[in-house]
Amino acid sequence: MRVRQRDFERIRAVLEEADAEEPLTAREILDLLDEHGEEFDSAHRVATVLGRHAQTGEVEVIRDQPYRYEFTERNN
126 MRVRQRDFER IRAVLEEADA EEPLTAREIL DLLDEHGEEF DSAHRVATVL
176 GRHAQTGEVE VIRDQPYRYE FTERNN
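Count the sequence shown with my numbering and you get residues 126 to 201, in order.
Structure, rendered in structure tokens:
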């Protein structure tokens, strides 16, 4: 499995475990990852991983200030 895919799966697993019900900023996601013992370099890295998956439709990017991210599965 590629590194980006593993990073994406780690983010998804933590958000599912945390039962995040609303869109979160990359900083909020980074804080949740840290609380669950998952190390990520930065909020920028989180945003990059999720932005790439937005291209495939797995993540919705809410282009507000600041950007927020939501897994599309939660929208169905």
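In this text, a Cβ means the ideal position worked out from N, Cα and C, and glycines have one as well.
**Asked** Looking only at its own chain, which residues have a Cβ that is under 8 Å from the Cβ of L149, when we skip the five neighbours before and after it?
**Response** For the purposes of this step, residue 149 is identified with residue 24 of the sequence shown, where counting begins at 1. Taken in chain order, the residues that qualify are L140, L157, R193, Y194 and E195.
**Prompt:** Roughly how many whole angstroms lie between the Cα atoms of H178 and D166?
**Reply:** Residue numbering aside, residue 178 sits at position 53 when the sequence shown is read from its first letter. Residue numbering aside, residue 166 sits at position 41 when the sequence shown is read from its first letter. One C-alpha to the other measures close to 18 Å.
**Asked** To the nearest angstrom, how far is it from the Cα of T173 to the Cα of F133?
**Response** Taking the first residue of the sequence shown as position 1, residue 173 is located at position 48. Taking the first residue of the sequence shown as position 1, residue 133 is located at position 8. Answer to the nearest angstrom: the Cα atoms are 10 Å apart.
**Prompt:** Is R193 helix, strand or coil when you go by DSSP?
**Reply:** Working through the sequence shown from its first residue, we reach residue 193 at position 68. In this structure, R193 counts as strand in the three-state DSSP scheme.
**Message:** If distances are taken between C-alpha atoms only, which option among I187, E153 and Q190 comes closest to T171?
**Reply:** Within the sequence shown, residue 171 is the residue found at index 46, counting from 1. Residue 171 is actually Val in this sequence, not Thr. That would be E153, whose Cα lies nearest to the Cα of V171.
**Prompt:** Applying the criterion that 16 or more other CB atoms from any shown protein chain within 10 Å of the CB defines a buried residue, is A151 buried or exposed?
**Reply:** Numbered from 1 along the sequence shown, position 26 holds the residue referred to as residue 151. By the 10 Å Cβ count, A151 comes out buried.
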